[in-house]
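**Q**
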């Protein structure tokens, strides 16, 4: 399983390729939250989300001969783009299985990174695992899992190394770190990195209402599944359940999960637009929403929120700006 | 007048306060432009524009006793916010004269940085210079000019130092550097910094149609004025003429000016939204517009465009997203 040495090794392989994204703040956000708020701007990562870190880490760690045959990924969008771009930069083929109802921009971008996109109908019950296994076997591809894969978690952990170093440079060594949490790859990676490099920080995963599998899993101590719809406003971070590899890390290292409303997510997107000049997608804004509007549930002191992705259609973004109350 | 030693000194005073903003790129922008495009994301600077650099430089260079009495600025917005925030961080009072028709967000933010905002009616012919002189004399304030001031130019020049170092780290030492140009403070500062630190780069100022005073001045070798309306879509960079201090620098160091349309500006704003996840205001998007759509007028090779500011109302931003063609 992933440990700090694997994360450091992933950071070494990422050097000169993965961007060090800035840790931003604004006195206006501090005022809304009533405490210092820092935003780790992963929307500025290559492909517009942190997923490029994990994809680069996993692909760069493969045996070169195996890697040359190509990689396969299942994803509704950000992992797809991360894998497609990391494969393109390695000069190897990528095949990506995407649900046909994924955001148009994410499908188009994945294709633009020269990946072959295979669409499947998730509402109609097509089983992506069956479809994926057929493709994998026929082409000799290596599956790059979105979160339950040690090298992917190690790649996401490089974001945690940066948080530890950048916060320390600002004089911040004790803080609550809020992560946008789907399957838990980013959350586990950051938690492992901070355990080693910033032990005064506690990670708390954040999810949208109706998709709080991680919060319920942490509360019960056992993996719980979402039973409602598969799709939703925060599409980037909707997964059925925390992973078999990620959950034990979350259970050991994270504080209780937090749950935010769509209304709060829109307000966070608007706040980031106005105060940080960042474009954040709904799933990438849940952590900032918790920072701004759930302070009562957080320990005193600074909060660091990951803005995990920015791949949002213009219509969705416009709608968020127009319906959100001014923060 | 400003020289590289003053710029280096401004950078030393800025350390730990002014943000080093990232130099970003995207394969999708490269494809549109047909060449490598880099964007210097000054929208991520404190107060949402490069103006904080010049304001910090000028205020931090003042004699402490003089500084304690407070500062005065005239500005339609970004310089106002930069001076207000730099004054607030120095713990000194700021008085800002702003036109009553400046963007609402810029007026509100300037007040939120604890500056006293005095509005004047530019259409009605109120003379801000008379008004400003009265306030200055009555209160013993120091005027921080928006561009024609050596320490302000030195502060803007720190952006050029970063461009030189960041581009070199990406292997880029020869490039066209496009600047969003109003009075020429940013352009002159960057040009002076690059003259010393990246002599293989040439600066070319960019302006919106109808406000091409710098392009005409460079073409004629003498300062030319705008004779049309004072206000326009690219509000942040509309000035009557290049400055007496900035123009000689531009004339000596810059290539010909470029002029872009509002349509191109909207398309650049949309491209930055989609491909870089950055919010850029109209006046801050003219350089990227030239990079994307005026390649025929540029020397071969990479182009570096400053995204100089992001202080745009939600309505103006969403209108640009909806009317711009997809790049």
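Chains as they are written, first to last, in this note's numbering: chain C, 24 to 350; chain Y, 24 to 350. C-beta: ideal position from N, C-alpha, C; glycine also.
#1: Put residue 139 of chain C into one of helix, strand or coil per three-state DSSP.
#2: Would you say residue 51 of chain Y reaches chain C, if we count a Cβ-Cβ gap shorter than 8 Å as a contact?
#3: In three-state DSSP terms, what is residue 119 of chain C?
#4: So residue 203 of chain Y is in the beta strand (DSSP E); what residue range does that whole segment cover?
#5: At 9 Å on the CB atoms, spell out the chain Y contacts of residue 306 of chain C, in chain order.
#6: To which residues of the same chain is residue 323 of chain C closer than 8 Å at the C-beta, ignoring the five residues directly before and after it?
#7: Is the CB-CB distance between residue 330 of chain Y and residue 311 of chain Y below 8 Å?
#8: Assuming residue 202 of chain C and residue 229 of chain C make a contact with CB atoms under 8 Å, what is their CB distance in whole Å?
#9: Taking C-beta pairs closer than 9 Å, name the residues in chain C that residue 345 of chain Y reaches, listed in chain order.
#10: Considering only residues of the same chain and omitting the five flanking positions on each side of residue 220 of chain C, which have a CB-CB separation below 7 Å?
#11: Identify the contact partners of residue 66 of chain C in chain Y, using a Cβ-Cβ distance below 8 Å as the criterion.
#12: Just to confirm, is the Cβ distance from residue 1 of chain C to residue 105 of chain C under 8 Å?
#13: I want to know whether the segment 209-216 of chain Y touches the segment 271-279 of chain Y - three or more CB-CB distances under 8 Å.
#14: Once you ignore the five residues that flank residue 89 of chain C on each side, which residues in its own chain have a CB closer than 7 Å to its CB?
#15: For a test of the three-state rule: what should DSSP assign to residue 277 of chain C, helix, strand or coil?
#16: Runs of 3 residues minimum, wholly inside the segment 173-247 of chain Y: which ones carry the beta strand (DSSP E) assignment?
#17: To the nearest angstrom, report how far apart residue 78 of chain C and residue 119 of chain C are at their CA atoms.
#18: Three-state secondary structure (DSSP) at residue 63 of chain Y?
#19: Could you give the C-beta distance for residue 223 of chain Y and residue 196 of chain Y, rounded to a whole number, given that I count them as a contact under 8 Å?
#20: In whole angstroms, what is the alpha-carbon distance linking residue 227 of chain Y and residue 281 of chain Y?
#21: With 16 other CB atoms within 10 Å as the buried threshold, where does residue 200 of chain C fall?
#22: How far does the beta strand (DSSP E) with residue 335 of chain Y in it reach, from first residue to last?
#23: Hey, is residue 135 of chain Y's beta-carbon within less than 8 Å of any beta-carbon in chain C?
#24: Can you tell me where the beta strand (DSSP E) holding residue 95 of chain C begins and where it ends?
#25: Out of Y/335, Y/158, Y/189 and Y/232, point me to the one whose CA is closest to residue 304 of chain Y's CA.
#26: Could you give the residue range of the beta strand (DSSP E) that holds residue 82 of chain C?
#27: Are residue 345 of chain C and residue 44 of chain Y close, meaning C-beta to C-beta below 8 Å?
#28: Cβ closer than 7 Å: which chain Y residues qualify as neighbours of residue 71 of chain C?
#29: Taking 8 Å as the limit between beta carbons, can you name the residues of its chain near residue 301 of chain Y, skipping five residues before and five after?
#30: Below 7 Å CB to CB, which residues in the same chain sit around residue 159 of chain Y once its five sequence neighbours on both sides are set aside?
#31: Residue 315 of chain Y versus chain C: which residues are under 7 Å apart at the beta carbon?
#32: Express the C-alpha separation of residue 50 of chain C and residue 326 of chain C in angstroms, rounding to a whole number.
#33: Cβ closer than 8 Å: which chain C residues qualify as neighbours of residue 333 of chain Y?
#34: Please report whether the beta-carbon of residue 268 of chain C lies at a distance below 8 Å from any beta-carbon of chain Y.
#35: In terms of alpha-carbon separation, which member of Y/122, Y/287, Y/136 and Y/347 lies closest to residue 152 of chain Y?
#36: In the DSSP assignment, the beta strand (DSSP E) including residue 309 of chain Y goes from what residue to what residue?
**A** Based on what the coordinates show:
#1: To locate residue 139 of chain C, count along the first chain from 1; it is residue 116. Looking at residue 139 of chain C - three-state DSSP - the assignment turns out to be strand.
#2: Start at 1 with the first residue of the second chain, and residue 51 of chain Y comes out as number 28. Yes, residue 51 of chain Y counts as interfacial toward chain C.
#3: The residue given as residue 119 of chain C occupies position 96 in the first chain. If DSSP states are grouped into helix, strand and coil, residue 119 of chain C belongs with the strands.
#4: Walking along the second chain from the start, residue 203 of chain Y turns up at place 180. 198-203 is the extent of the beta strand (DSSP E) around residue 203 of chain Y.
#5: Residue numbering aside, residue 306 of chain C sits at position 283 when the first chain is read from its first letter. Result: empty, since nearest Cβ-Cβ is about 14 Å, beyond 9 Å.
#6: The residue given as residue 323 of chain C occupies position 300 in the first chain. Answer for residue 323 of chain C: 58, listed in chain order.
#7: As a position in the second chain, residue 330 of chain Y is number 307, starting the count at 1. As a position in the second chain, residue 311 of chain Y is number 288, starting the count at 1. Yes, they are a contact pair.
#8: Taking the first chain and counting its residues from 1, one reaches residue 202 of chain C at position 179. Taking the first chain and counting its residues from 1, one reaches residue 229 of chain C at position 206. Indeed, because the Cβ distance is near 7 Å, the residues count as touching under 8 Å.
#9: Mapped onto the second chain, residue 345 of chain Y falls at position 322. Ordered by position in chain C, the residues that pass the 9 Å Cβ test against residue 345 of chain Y are 337, 338 and 341.
#10: To locate residue 220 of chain C, count along the first chain from 1; it is residue 197. Closer than 7 Å at Cβ, skipping near neighbours: 184 and 187.
#11: Within the first chain, numbered from 1, the residue matching residue 66 of chain C stands at position 43. Those are 300, listed as they occur along chain Y.
#12: There is simply no residue 1 of chain C to check, as chain C begins at 24 and stops at 350 in what is shown.
#13: They touch, by the three-pair rule.
#14: For this step, residue 89 of chain C is matched to residue 66 along the first chain. For residue 89 of chain C, same chain residues with a beta-carbon under 7 Å away, outside a window of 5 residues either side, are 165 in chain order.
#15: Indexing the first chain from 1 puts residue 277 of chain C at position 254. If DSSP states are grouped into helix, strand and coil, residue 277 of chain C belongs with coil.
#16: DSSP assignment within the segment 173-247 of chain Y yields the following whole beta strand (DSSP E) runs of 3 residues or more, N-terminal first: 198-203 and 224-231.
#17: Position 55 of the first chain holds residue 78 of chain C. Position 96 of the first chain holds residue 119 of chain C. Roughly 13 Å separates the two Cα atoms.
#18: Here residue 63 of chain Y is taken as the residue at index 40 of the second chain, counted from 1. Strand at residue 63 of chain Y.
#19: Numbered from its first residue, the second chain carries residue 223 of chain Y at position 200. Numbered from its first residue, the second chain carries residue 196 of chain Y at position 173. Contact annotation, residue 223 of chain Y with residue 196 of chain Y: C-beta distance approximately 5 Å; criterion of less than 8 Å satisfied.
#20: To locate residue 227 of chain Y, count along the second chain from 1; it is residue 204. To locate residue 281 of chain Y, count along the second chain from 1; it is residue 258. About 7 Å.
#21: For the purposes of this step, residue 200 of chain C is taken as the residue at position 177 of the first chain. The residue is buried, with at least 16 neighbouring Cβ atoms inside 10 Å.
#22: Within the second chain, the letter at position 312 stands for residue 335 of chain Y. Note, residue 335 of chain Y: premise wrong, no beta strand (DSSP E); not H, not E.
#23: Counting from one through the second chain, the residue named residue 135 of chain Y turns up at place 112. Yes, its Cβ sits closer than 8 Å to a Cβ of chain C.
#24: Residue 95 of chain C sits at position 72 when you count from the first residue of the first chain. Unbroken beta strand (DSSP E) run through residue 95 of chain C: 94-97.
#25: Taking the first residue of the second chain as 1, we reach residue 304 of chain Y at position 281. Of the candidates Y/335, Y/158, Y/189 and Y/232, the one whose C-alpha sits nearest the C-alpha of residue 304 of chain Y is Y/335.
#26: Counted from its first residue, the first chain places residue 82 of chain C at position 59. Here residue 82 of chain C belongs to no beta strand (DSSP E); instead the alpha helix (DSSP H) covers 74-84.
#27: Sequence index remark: in the first chain, residue 345 of chain C carries index 322 (1-based). Sequence index remark: in the second chain, residue 44 of chain Y carries index 21 (1-based). Taking 8 Å as the Cβ cut-off, residue 345 of chain C and residue 44 of chain Y do not qualify as a contacting pair.
#28: Here residue 71 of chain C corresponds to residue number 48 of the first chain, with the count starting at 1. Within chain Y, the residues near residue 71 of chain C are 300.
#29: Here residue 301 of chain Y corresponds to residue number 278 of the second chain, with the count starting at 1. 47, 62, 64, 66, 67, 295, 330 and 333, listed in sequence order.
#30: As a position in the second chain, residue 159 of chain Y is number 136, starting the count at 1. 95 and 166.
#31: Sequence index remark: in the second chain, residue 315 of chain Y carries index 292 (1-based). Within chain C, no residue comes near residue 315 of chain Y; the closest Cβ sits about 16 Å away, beyond 7 Å.
#32: Looking up residue 326 of chain C in the first chain gives position 303. Looking up residue 50 of chain C in the first chain gives position 27. Each residue's alpha carbon lies about 13 Å from the other.
#33: On the second chain, residue 333 of chain Y is found 310 positions in, with the first residue counted as 1. The contacting residues are 300.
#34: Stepping through the first chain from its first residue, residue 268 of chain C is reached at position 245. False, the Cβ-Cβ gap to chain Y never drops below 8 Å.
#35: On the second chain, position 129 is the one that residue 152 of chain Y refers to. Minimum Cα distance to residue 152 of chain Y is reached at Y/122.
#36: On the second chain, residue 309 of chain Y is found 286 positions in, with the first residue counted as 1. No beta strand (DSSP E) holds residue 309 of chain Y; the alpha helix (DSSP H) holding it covers 309-316.
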